[in-house]
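In the UniProt record's numbering, the protein residues as written are 1 to 272. Here a beta-carbon is modelled for each residue, glycine too, at the ideal position from N, C-alpha and C.
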């Protein structure tokens, strides 16, 4: 899977290199001329000043994300090394348990031996798969409270042959194809070229799959969310804010995704 994914990414990059160069060379005047709304002289002047700063801001933001991701990777490697050393000294039963300890607990284990700390870490590891699946509202007030899965499962959706949902269009384009509902990276590993991804949200871990997709739908997100930004980079239609899409649509559905109107619609299965 990893090898085939690399090949598809390289083909995509080779095929879009010229388009990327054209995008970079596109002037501000060309961008303004493509707008479908009339602009006053003051508005044009303001946009000529603002647009370059916005471009620099987006580049700086993505660069910061890249550096942060690398920093986390270095920290993770360091803790793995620490975990191996603690196992070799008989302070941990296995190296992976170090990720379920606080810094104070690690310090205490390095200076003394405490079965109680090991027990707490094992409990955290045991409940992690459940906690990792928690979902949260896009906007919260006060202490973050996860959405109750029991309440979600209690909602039953009738199958609607021509189901149509409307969200926020963030990347234009219209495409028809088969849906792939994936709410985790483990499920994303089953993605096939040309499928339309329907998921809860995406982050940098999903980026390698974008070159093989024909469209993206997320329940959470906005104009500058990860899925929206990467979809625009690859020229994929993308609609966000379709709450409940992962429940109402299913893998294998034949759908229409309209990135201009923000519509996701179930269509009849095409004749083979």
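Checklist entry - When the Cβ atoms of the region 209 to 227 are set against those of the region 162 to 181, are three or more pairs found closer than 8 Å? => result yes
Item to check | Endpoints, the alpha helix (DSSP H) within which residue 86 is located | outcome: 41 to 88
Next on the checklist: Since residue 164 and residue 263 should fall inside the 8 Å C-beta cutoff, what is the C-beta to C-beta distance between them, to a whole number of angstroms?
Outcome noted: 6 Å
Item to check | Straight-line Cα distance separating residue 147 from residue 252 | outcome: 27 Å
Checklist entry - If you draw a straight line from the C-alpha of residue 202 to the C-alpha of residue 76, how long is it? => result 21 Å
Item to check | residue 124 versus 111, 99, 46 and 88, residue with shortest Cα-Cα distance | outcome: 99
Checklist entry - Helix or strand or just coil, what does DSSP make of residue 32? => result helix
Checklist entry - Hey, residue 178 and residue 191 are a contact pair by Cβ (cut 8 Å); roughly how many whole angstroms apart? => result Wrong, their Cβ atoms sit about 11 Å apart, outside the cutoff.
Checklist entry - Opposite residue 91 in the DSSP bridges: which residues? => result BP columns for residue 91 are empty, so no partner.
Next on the checklist: Less than 7 Å between C-beta atoms, sequence neighbours within five positions excluded: which residues of the same chain meet that for residue 114?
Outcome noted: 108
Checklist entry - Given residue 183, which residues of its chain have a CB within under 8 Å of its CB, disregarding the five upstream and five downstream residues? => result 199, 200 and 246
Item to check | Identity of the residue in 197, 30, 92 and 55 nearest residue 44 by Cα | outcome: 30
Checklist entry - Taking the continuous beta strand (DSSP E) assigned at residue 264, which residues delimit it? => result 263 to 267
Item to check | Rounded Cβ spacing between residue 239 and residue 257 (contact assumed at less than 8 Å) | outcome: 7 Å
Next on the checklist: Taking 8 Å as the cut-off, is the C-beta of residue 174 nearer than that to any heavy atom in the ligand GDP?
Outcome noted: Ligands are entirely absent from the displayed structure, and the ligand GDP is therefore not among its contents.
Checklist entry - residue 205 and residue 236: beta carbons closer than 9 Å? => result no
Checklist entry - Counting along the chain, where does the alpha helix (DSSP H) carrying residue 230 start and finish? => result 226 to 234
Next on the checklist: Considering only their Cβ atoms, is the gap separating residue 110 from residue 81 smaller than 9 Å?
Outcome noted: no
Checklist entry - Taking the beta strand (DSSP E) that residue 209 falls in, what are its first and last residues? => result Counting along the chain, residue 209 falls outside any beta strand (DSSP E), and DSSP gives it neither H nor E.
Checklist entry - Which whole runs of the alpha helix (DSSP H) in the region 169 to 222 are 4 residues long or more, in chain order? => result 185 to 188
Checklist entry - Straight-line CA distance for residue 181 to residue 89? => result 45 Å
Checklist entry - In terms of alpha-carbon separation, which member of 189, 166, 226 and 129 lies closest to residue 265? => result 166
Item to check | Distance, residue 211 Cα to residue 158 Cα | outcome: 33 Å
Checklist entry - Just how far apart, CA to CA, sit residue 145 and residue 133? => result 13 Å
Next on the checklist: Alpha carbons only, please: which of 220, 41 and 51 is nearest the one belonging to residue 137?
Outcome noted: 220
Checklist entry - Where residue 71 and residue 162 are concerned, what is the direct C-alpha to C-alpha distance, given to the nearest angstrom? => result 47 Å
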